[in-house]
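The numbering of the sequence shown is the numbering used here, which starts it at 399 and goes up by one. Where a beta carbon is used, it is the ideal one built from N, C-alpha and C, also for glycine.
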Amino acid sequence: MKFTAMLCLFASIVFLFLFLLHSLLRFLTSGSGRLKFPLPPGSLGWPYIGETFQLYSQNPNVFFASKVKKYGSIFKTHILGCPCVMISSPEAAKLVLVTRAHLFKPTFPASKERMLGKQAIFFHQGDYHTKLRKLVLRAFMPVAIKNIVSDIESIAVDCLKSLEGQVFNTFQEMKTYTFNIALLSIFGKDEILYREDLKRCYYILEKGSWPKSSHLGGKQSRIILICSNLSWVTTGLTDEQIADNIIGVIFAARDTTASVLTWIVKYLAENQSVLQAVTEEQVAIMKSKEEGGEGKVLTWEDTKKMPITTRVIQETLRVASILSFTFREAVEDVEFEGYFIPKGWKVLPLFRNIHHSPDNFPEPEKFDPSRFEVAPKPNTFMPFGNGTHSCPGNELAKLEVLILVHHLTTKYRLISFCLFSSAAGLVLGPQSGIQYGPFALPQNGLPITLSLKT
Ligand code: HEM
């Protein structure tokens, strides 16, 4: 009797084993070539949290560099609740973003989609995306933004004037500057009332405190009301599509550009020879305008005569790599560079890693704008992404920075500080340290003061 029971138990275990083996084989052989190619090397970390903490609690360079050293330029990990494949070679990043882009759709954390709205440009492919892209490009291409150089300049001058003589948080103030320019480029300079109203809505939205019981039916209705005067209304988009995309463009434009400006101020303050070269270039432009009787207002053509400052912007974009990576998702099982990427896995081209690889940029941690006197190798410099989703606002972003740097260096001296806690409360000291939120930023947003040059 005991023997029979043992036999039954043994048979059940064998049966269970065979069943599991069979299921596993079926799972592995379904889809395209699962057995032919392995998953990329790497670790998925802890259940659910994966390696999110390791990535976000330190300098992302340390996380990426240690993985690349251990596993090579394509490796798997698990962050923000999703299995991911990270890509750190320029050629493979181009495959994901350009050559085989149809296999990798854009995707973002659900919280971003909720805040911006499902109809925003970032989340789409195909005809709808093409239509939105044309619309956005029309507003931000050189031919359009040429006409607002003097308006941007007025915003820059007012912004800097309002900060004279006080200690201020560079990132916060630059956010106000870039927000005002984003609104100017969307609404034009005459629609001040709409601009202020939309600003209020955006702040509420950003805080996530929009009242659910609002009689306007939530943020969409309020923003639609504000946008109903806009030229975008004639484009055949629905009200919801217009509202989501206005919010989306502001979101894409404000913190990114403000963060680059904050880093530039820091690098200029820390590199006196670079600051001097930029100042001389900008003073020369100012003087040649005065002497030529052209008036003081900057023109689009003036901003094309700033090669040193342009290289400082390029080097800042490289070293700071504001967007460390972007998110894509495999739309089907994909064979990629000898590996298998399952449908639904996230795929992350690592801009920061590509920008910090000594193979692409010798002495990558050194801030050296002169390296851009020679064009970088193809696909190694992608601060604005690549392919059909690359940044349509890149010309505007560079213009905003050039104009602000012109006034900053010709009129002011920079002193940078750091606020830190002591027994006596918050005190000032020398600036150091980086904080890693969604963007890498100088500690405390870089508190500084500006004093007028005598
Ligand atoms: C220095 C500042 C900026 C940086 C570093 C930056 C970077 C980027 C990057 C890397 C992408 C591509 C993301 C991806 O492929 O998933 C992108 C997309 C985008 N950016 Fe920018 N951006 C900046 C400023 C701006 C400005 C000023 C605007 C608007 C005027 C803007 C509007 C957009 C939009 C609408 C997209 C989505 C394009 C699409 O999905 O087709 N950005 N940006």
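Distance cut-off 8 Å: residue i Cβ against heavy atoms of the ligand HEM
i, result
"glutamate 798", "yes"
"proline 767", "no"
"leucine 721", "yes"
"arginine 531", "yes"
"glycine 586", "no"
"proline 439", "no"
"histidine 476", "no"
"proline 756", "no"
"alanine 682", "no"
"threonine 724", "yes"
"valine 483", "no"
"threonine 568", "no"
"alanine 580", "yes"
"isoleucine 739", "no"
"isoleucine 553", "no"
"isoleucine 519", "yes"
"leucine 794", "yes"
"leucine 715", "yes"
"phenylalanine 538", "yes"
"proline 358", "For the chain, the structure presents residues 399 to 852; residue 358 sits outside this window and is missing."
"phenylalanine 782", "yes"
"histidine 853", "Because the chain in this structure spans residues 399 to 852, residue 853 falls outside the shown range and cannot be described."
"alanine 542", "no"
"proline 705", "no"
Same chain only: Cβ atoms within 7 Å of residue i, ignoring 5 sequence neighbours per side
i, result
"glycine 506", "Correcting the residue type first, residue 506 is phenylalanine in the shown sequence and not glycine. Within the same chain, phenylalanine 506 has close Cβ partners Phe520, Phe521, Phe725."
"valine 843", "For the sequence presented, residue 843 should be read as glycine rather than valine. So the list reads Asn567, Thr568, Phe569, Gln570, Thr660, once near-sequence residues are dropped."
"leucine 495", "Pro747, Gly783, Asn784, Gly785"
"alanine 737", "Looking at the sequence itself, residue 737 is tyrosine, so the reference to alanine does not match. Closer than 7 Å at the Cβ level, and outside the excluded window around tyrosine 737, lie Phe435, Pro436, Leu437, Pro438, Ile472."
"histidine 476", "Leu442, Gly443, Gly448, Glu449, Cys482"
"arginine 593", "Leu581, Phe585"
"leucine 501", "Ala728, Val729, Glu730, Val732"
Identity of the residues DSSP links to residue i by a beta bridge
i, result
"alanine 728", "Phe502"
"proline 740", "Per DSSP, none; premise fails for proline 740."
"leucine 850", "Tyr810"
"tryptophan 444", "Gly448"
"threonine 655", "None; threonine 655 has no bridge partner."
"leucine 746", "Met484"
"glutamine 833", "Leu839"
"histidine 476", "Pro481"
"phenylalanine 779", "Bridge partners of phenylalanine 779: none, in fact."
"proline 845", "Asn567"
"phenylalanine 723", "In DSSP, phenylalanine 723 forms no bridge with anything."
"glutamate 733", "Phe738"
Distance between residue j and residue i (C-alpha atoms, nearest Å)
i, j, result
"cysteine 557", "isoleucine 662", "17 Å"
"isoleucine 645", "glycine 791", "14 Å"
"glutamate 638", "alanine 580", "20 Å"
"valine 350", "leucine 802", "This structure gives no information on residue 350, because the portion of the chain shown stretches from 399 to 852."
"leucine 423", "isoleucine 447", "The predicted model places leucine 423 with a pLDDT of 42, which falls under 50 and marks its position as unreliable; any figure quoted below should be read in that light. If you take the alpha carbons of leucine 423 and isoleucine 447, they lie about 28 Å apart."
"threonine 576", "leucine 806", "15 Å"
"leucine 826", "alanine 537", "Low confidence applies here, because leucine 826 scores a pLDDT of 48, under 50, leaving its location unreliable; read the following figure in that light. Going by the C-alpha atoms only, they are around 42 Å apart."
"isoleucine 553", "asparagine 578", "7 Å"
"glutamine 456", "glycine 831", "11 Å"
"methionine 684", "lysine 694", "7 Å"
"tyrosine 834", "valine 534", "30 Å"
"glutamine 523", "asparagine 643", "14 Å"
"lysine 529", "lysine 851", "48 Å"
"isoleucine 550", "valine 672", "25 Å"
"lysine 597", "serine 788", "26 Å"
"leucine 666", "proline 756", "23 Å"
"leucine 514", "glycine 691", "47 Å"
"serine 583", "alanine 490", "35 Å"
"lysine 703", "leucine 453", "40 Å"
"glycine 479", "asparagine 669", "40 Å"
"glutamine 878", "phenylalanine 649", "Residue coverage of the chain in this structure runs from 399 to 852, which leaves residue 878 outside it and unanswerable."
"isoleucine 846", "lysine 559", "14 Å"
"arginine 512", "methionine 539", "28 Å"
"glutamate 699", "phenylalanine 770", "21 Å"
"serine 722", "methionine 484", "11 Å"
Own chain partners of residue i with C-beta closer than 6 Å, once the 5 adjacent residues on each side are dropped
i, result
"asparagine 353", "Any answer about residue 353 is impossible in this case: the structure gives the chain only from 399 up to 852."
"lysine 339", "No answer is possible for residue 339: it lies beyond the span of the chain, which begins at 399 and ends at 852."
"threonine 654", "Ile720"
"serine 849", "Arg811"
Neighbourhood of residue i by C-beta, 8 Å cutoff - its chain only, sequence neighbours within 5 removed
i, result
"valine 658", "Ile711, Thr714, Leu715, Ala718, Ile720, Ala795, Val799"
"serine 820", "Bear in mind that a pLDDT of 47 at serine 820, under 50, signals an unreliable position, so the model cannot answer this."
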